[in-house]
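Going by numbering that gives the first Met the number 0, the sequence shown opens with residue 0, and the numbers climb by one from there.
Cβ atoms here follow ideal geometry from the backbone N, Cα and C, with glycine treated the same way.
What follows is a short report on a single structure.
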Amino acid sequence: MTNDEDRYLREVQYRFPDRLEARAILHRRYGRADWFAWLASEIAFTPGSVVADVGCGAGALWRDAPRDVPDDLALRLVDSSPGMVAAAEATVRAAKRWSDVDAILGDATALPFPDDSIDTALAIHMLYHLSDPAAGLAELARVARPGGIVAVVLNRSGTMAELSGLLEQALGRPSARPAPCRPRMGWR
Ligand SMILES: C[S@@+](CC[C@H](N)C(=O)[O-])C[C@H]1O[C@@H](n2cnc3c(N)ncnc32)[C@H](O)[C@@H]1O
0 MTNDEDRYLR
10 EVQYRFPDRL
20 EARAILHRRY
30 GRADWFAWLA
40 SEIAFTPGSV
50 VADVGCGAGA
60 LWRDAPRDVP
70 DDLALRLVDS
80 SPGMVAAAEA
90 TVRAAKRWSD
100 VDAILGDATA
110 LPFPDDSIDT
120 ALAIHMLYHL
130 SDPAAGLAEL
140 ARVARPGGIV
150 AVVLNRSGTM
160 AELSGLLEQA
170 LGRPSARPAP
180 CRPRMGWR
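Encoded structure:
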């Protein structure tokens with residue numbers, strides 16, 4: 000990761016979980032409060048399987064995972080921000096459900112896993128942060144075993160547009176920096 004946007008994501012926006020949590024509070028209050036519980040229930044996790052949560056953030060999926068998500072998953076939590084890796088590990092440990100947990104500082108475009116080694120590879124609300132989303136997708140496909148699952152969750156375009164509008168009104172000009180989840184390079 001070399002450009003300014005990558006550095007901004009790693010060192011400012013996602014340095015610690017607080018900014019992400021501020022956005023999550025808005026989603027919980029004005030959107031779907033059970034989003035991560037619903038999402039986890041939609042993914043067909045196999046008992047005893049290896050799951051890579053790439054761009055895991057603070058581990059919200061695991062905080063809210065319903066009881067029928069198997070407790071014997073091997074979790075590989077990957078994020079490019081040390082603050083997020085630490086937060087995700089703390090979240091998962093606090094849940095006291097999974098014991099095989101590895102929290103890893105890593106890049107979605109160079110995952111630290113061998114080919115075909117992951118049963119379920121997740122990229123939740125993160126692929127649009129990559130300067131080359133296709134490379135991230137290819138990497139998920141590389142590490143997923145044949146017949147495994149690759150699950151990608153994106154935001155619809157215009158997500159949080161109302162909030163951006165309010166910010167622009169308050170500033171009297173477009174905000175200096177693109178909204179963190181704005182799709183780039185035409186990626187939807
Ligand atoms: C919008 S947050 C989503 C976090 C989590 N998946 C969730 O849904 O709550 C995006 C996450 O992707 C991480 N991220 C951004 N670029 C990354 C990269 N190249 N490799 C790994 N993680 C990255 C950020 O540090 C941040 O934690």
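Query raised in the report: Under the three-state reduction of DSSP, which class applies to residue 186: helix, strand or coil?
Result: As a position in the sequence shown, residue 186 is number 187, starting the count at 1. Note on residue 186: pLDDT 30, under 50, position unreliable in the model; the coordinate value appears next. Correct three-state label for residue 186: coil.
Query raised in the report: Under the three-state reduction of DSSP, which class applies to residue 117: helix, strand or coil?
Result: Here residue 117 corresponds to residue number 118 of the sequence shown, with the count starting at 1. DSSP places residue 117 in strand when its eight states are reduced to three.
Requested in this report: Please determine if the segment 111-125 and the segment 80-94 are in contact, where contact requires at least 3 C-beta pairs separated by less than 8 angstroms.
Outcome: no
Query - Contacts around residue 3, its chain only, beta-carbon distance under 7 angstroms, and the 5 residues preceding and following it disregarded - result: Start at 1 with the first residue of the sequence shown, and residue 3 comes out as number 4. Closer than 7 angstroms at Cβ, skipping near neighbours: no residue.
Query raised in the report: Which class does residue 132 belong to by DSSP, given the choice of helix, strand or coil?
Result: Here the question's residue 132 lines up with position 133 in the sequence shown. In the structure shown, residue 132 sits in a helix (DSSP, three-state: H, G or I).
Query raised in the report: Cα-Cα, which of 26, 68, 107, 16 is closest to residue 85?
Result: Within the sequence shown, residue 85 is the residue found at index 86, counting from 1. It is 16 whose Cα lies nearest to the Cα of residue 85.
Query raised in the report: Using the C-alpha atoms, what's the distance from residue 166 back to residue 116?
Result: Position 117 of the sequence shown, counting from 1, holds the residue named residue 116. Position 167 of the sequence shown, counting from 1, holds the residue named residue 166. So the alpha carbons of these two residues sit roughly 44 angstroms apart.
Query raised in the report: Looking at residue 30 and ligand 1, is the gap between the Cβ and the nearest heavy atom below 7 angstroms?
Result: On the sequence shown, residue 30 is found 31 positions in, with the first residue counted as 1. Every heavy atom of ligand 1 is 7 angstroms or more from the Cβ of residue 30, so no.
Query raised in the report: What do you get for residue 29, buried or exposed, if any count of 16 or more other CB atoms within 10 angstroms of its CB means buried?
Result: Here the question's residue 29 lines up with position 30 in the sequence shown. Label assigned to residue 29: exposed.
Query - Cβ shell of residue 140 (< 7 angstroms), same chain only, five flanking positions each side left out - result: Locating residue 140 in the sequence shown gives position 141, where the first residue counts as 1. Excluding positions up to five away in sequence, the list reads 149.
Report task. Have a look at the DSSP bridge pairing and note the partners of residue 74. Result -> Here the question's residue 74 lines up with position 75 in the sequence shown. In DSSP, residue 74 forms a bridge with 50, 100.
**Report entry** Cβ-Cβ distance between residue 103 and residue 75 below 8 angstroms
**Finding:** Position 104 of the sequence shown holds residue 103. Position 76 of the sequence shown holds residue 75. Cβ distance < 8 angstroms, so residue 103 and residue 75 count as in contact.
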